[in-house]
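Numbering (UniProt numbering), first residue to last: 1 to 532. Think of the CB as a built atom: it goes at the ideal place given N, C-alpha and C, for glycine as much as any other residue. Report on one structure; see the data block that follows.
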Ligand SMILES: NC(=O)c1ccc[n+]([C@@H]2O[C@H](COP(=O)([O-])OP(=O)(O)OC[C@H]3O[C@@H](n4cnc5c(N)ncnc54)[C@H](O)[C@@H]3O)[C@@H](O)[C@H]2O)c1
Ligand SMILES: O=CCCC(=O)O
């Protein structure tokens with residue numbers, strides 16, 4: 001893959017894709033971008049932006065400080081982004097706050113059109129967005145393309161929800177009263193998201209926020225700010241009014257920026273996706289001003305295969321999809337794979353065979369099925385889980401080592417058998433390409449094991465018995481269950497967890513409610529007789 005930026009002059013001469021109305025362009029897109037780094041060849045190189053987006057402008061940190069972002073596959077510098085501090089983010093919050101009174105009064109239909117334009121622009125620029133995702137996150141290009149579709153689907157979906165934020169009329173229990181409710185936008189929202197889905201985690205929050213009539217300050221992850229910035233540029237081109245969406249970047253200042261967002265009185269809602277530990281900190285901070293909050297936190301998903309599975313190959317494929325998607329770095333990845341005694345051996349053989357066929361490498365290389373993990377700490381965590389399991393009696397079927405020849409962030413996809421509940425992998429989210437297969441005997445035993453976790457995001461099982469399907473789906477302590485499938489992510493389906501995986505639901509018909517409040521209006525003296 002040619003990863004050298006085209007000569008700037010050719011870029012400027014090239015006709016730009018036009019949207020069927022005048023696209024406002026930022027100063028950024030006129031300027032010559034830096035030639036100092038190698039980069040994938042984007043069709044529209046002006047989507048690669050080393051700035052933050054505040055009040056409709058691309059800006060630097062007032063301090064002039066920046067932080068560096070590296071390609072996890074090659075270790076090469078991608079570029080730099082502004083190291084915003086609290087005074088910069090205060091400006092973003094003020095911009096969102098000033099934009100709110102006007103934006104909240106726009107018609108749902110107008111907001112629908114804005115979101116639809118943003119969706120269309122994401123789809124028009126899908127190849128470039130996918131390249132940016134692969135570049136800074138490492139996932140294979142085909143997966144990145146899938147993420148762009150998924151991410152854009154939240155704008156499409158919530159463009160359809162925006163005009164339909166209905167209230168109720170409610171029969172009062174007080175004589176003469178009439179009660180109705182209206183739904184109103186909660187206000188300025190602070191959104192904080194992780195690197196594992198550089199596009200989708202952001203759009204899953206901004207889509208419903210804007211549909212509801214809120215304005216936002218989104219803090220993008222320090223590992224993957226460039227995808228977020230490209231999405232911000234598309235917001236600009238889609239005509240989202242200035243101040244309505246603000247994208248801020250920070251690395252070492254993140255805790256201070258997070259504290260500002262979660263304690264600022266003008267911010268009325270915080271929605272965070274990330275680890276349970278950071279969620280706990282943000283939760284405490286948000287309590288200071290009693291914000292409305294949504295927490296999409298860590299998982300440790302059980303994946304159960306019962307002896308009565310109808311199609312063992314489908315269960316193997318489901319487990320592969322669930323475990324190894326994004327090299328094991330999704331919050332809904334299977335972390336503990338429980339297989340009943342009667343099919344354990346056969347399942348393990350077929351599962352390991354599929355993993356042998358994986359091709360590990362840089363996400364831009366042809367034929368690659370799995371890329372690097374995000375950084376060396378992630379490799380170390382995966383390896384620690386493997387070493388811990390081996391020291392407690394597990395066996396390596398395949399993998400179990402760093403793939404050092406490819407680079408420091410690569411780990412061989414690994415399958416372990418003979419797992420037991422005292423191993424680290426049973427209680428901690430690995431967030432890496434390590435599959436541990438745990439044998440079990442009974443339904444009761446496995447449901448107890450599955451529920452023996454502080455978190456409860458997703459759970460999966462394969463069974464051909466309809467009574468068992470209902471029993472187990474209802475008994476699992478998780479927010480999302482996959483029955484005879486390993487893939488549950490869908491804009492139409494409510495996404496979220498229970499226990500220490502957090503609360504709130506994203507996507508679906510429920511997602512917009514996280515950004516609205518219900519106001520009841522009671523009318524008194526309404527039961528007079530008809531006038532003669
Ligand atoms: N439930 C979900 O929908 C979901 C989705 C994706 C990822 N996750 C979870 O996210 C974790 C992986 O992502 P991660 O390692 O980037 O998580 P993380 O919690 O370290 O970071 C997530 C985001 O929070 C920011 N952050 C970190 N410390 C902060 C602070 N003190 N104040 C404000 N912001 C702060 C980071 O910059 C990043 O943008 C996993 O646990 C995974 O399960 C959950
Ligand atoms: O990593 C968490 C989100 C994954 C998804 O939405 O499928």
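In the DSSP annotation of this structure, the continuous segment of the alpha helix (DSSP H) that includes residue 344 starts and ends at 341-356.
Just so you know, the alpha carbons of residue 101 and residue 516 end up roughly 15 Å apart. Residue ranges of uninterrupted alpha helix (DSSP H) with 4 or more members, entirely inside the stretch 92-134 and ordered along the chain, are 108-124. Per DSSP, residue 207 is one residue of the alpha helix (DSSP H) stretching across 200-212. The DSSP-derived three-state label of residue 434 is strand. As for any alpha helix (DSSP H) of minimum length 4 sitting wholly inside the stretch 133-195, the runs are 141-161, ordered along the chain. Residue 451 and residue 357 have their C-alpha atoms roughly 32 Å apart.
Here residue 277 is exposed. Its C-beta has fewer than 16 other C-beta atoms within 10 Å. Nearest to residue 396 by C-alpha distance, out of 349, 184, 191, 453, is 349. By the neighbour-count criterion, in which 16 or more other beta carbons inside 10 Å mark a residue as buried, residue 325 falls on the buried side. Collapsing the DSSP output to three states places residue 391 in a helix. Contact between the stretch 74-90 and the stretch 244-261 is established, with three or more Cβ pairs separated by less than 8 Å. With fewer than three CB-CB distances shorter than 8 Å, the stretch 136-151 does not count as touching the stretch 89-103. Per DSSP, residue 472 is not a residue of any beta strand (DSSP E); the alpha helix (DSSP H) it occupies stretches across 466-475. Its chain contains 294, 295, 496, 497 as the residues whose beta carbon lies nearer than 8 Å to that of residue 503, once the 5 sequence neighbours on both sides are disregarded; these appear in chain order. When distances are taken from the beta-carbon of residue 508 to the heavy atoms of ligand 2, even the shortest one reaches 7 Å or more.
Residue 377 and residue 331 have their C-alpha atoms spaced approximately 17 Å apart. For residue 225, the enclosing alpha helix (DSSP H) begins and ends at 225-237. Residue 454 and residue 302 have their C-alpha atoms spaced approximately 12 Å apart. In the displayed model, residue 218 falls within a strand according to three-state DSSP. Ranked by Cα distance from residue 444, the first of 114, 418, 472 is 472. A direct Cα-to-Cα measurement between residue 312 and residue 398 gives close to 20 Å. Nearest Cα to residue 299 within the set 525, 459, 353: 459.
In the three-state scheme derived from DSSP, where H, G and I count as helix and E and B as strand, residue 57 is classed as strand. When DSSP states are grouped into helix, strand and coil, residue 49 belongs to the coil group. For residue 293, the uninterrupted beta strand (DSSP E) run begins and ends at 292-296, by DSSP.
Here DSSP, grouped into helix, strand and coil, assigns residue 269 to strand. Contact check for residue 431 and residue 338: beta-carbon distance about 19 Å, past the 8 Å limit, so the pair fails to qualify. Residue 458 sits in a strand when the DSSP states are folded into three classes. When the Cα atoms are used, residue 486 and residue 340 turn out to be separated by approximately 17 Å. Residue side-chain check: residue 500 keeps its Cβ at 7 Å or more from all non-hydrogen atoms of ligand 1.
The alpha-carbon of residue 501 is positioned some 5 Å away from that of residue 457.
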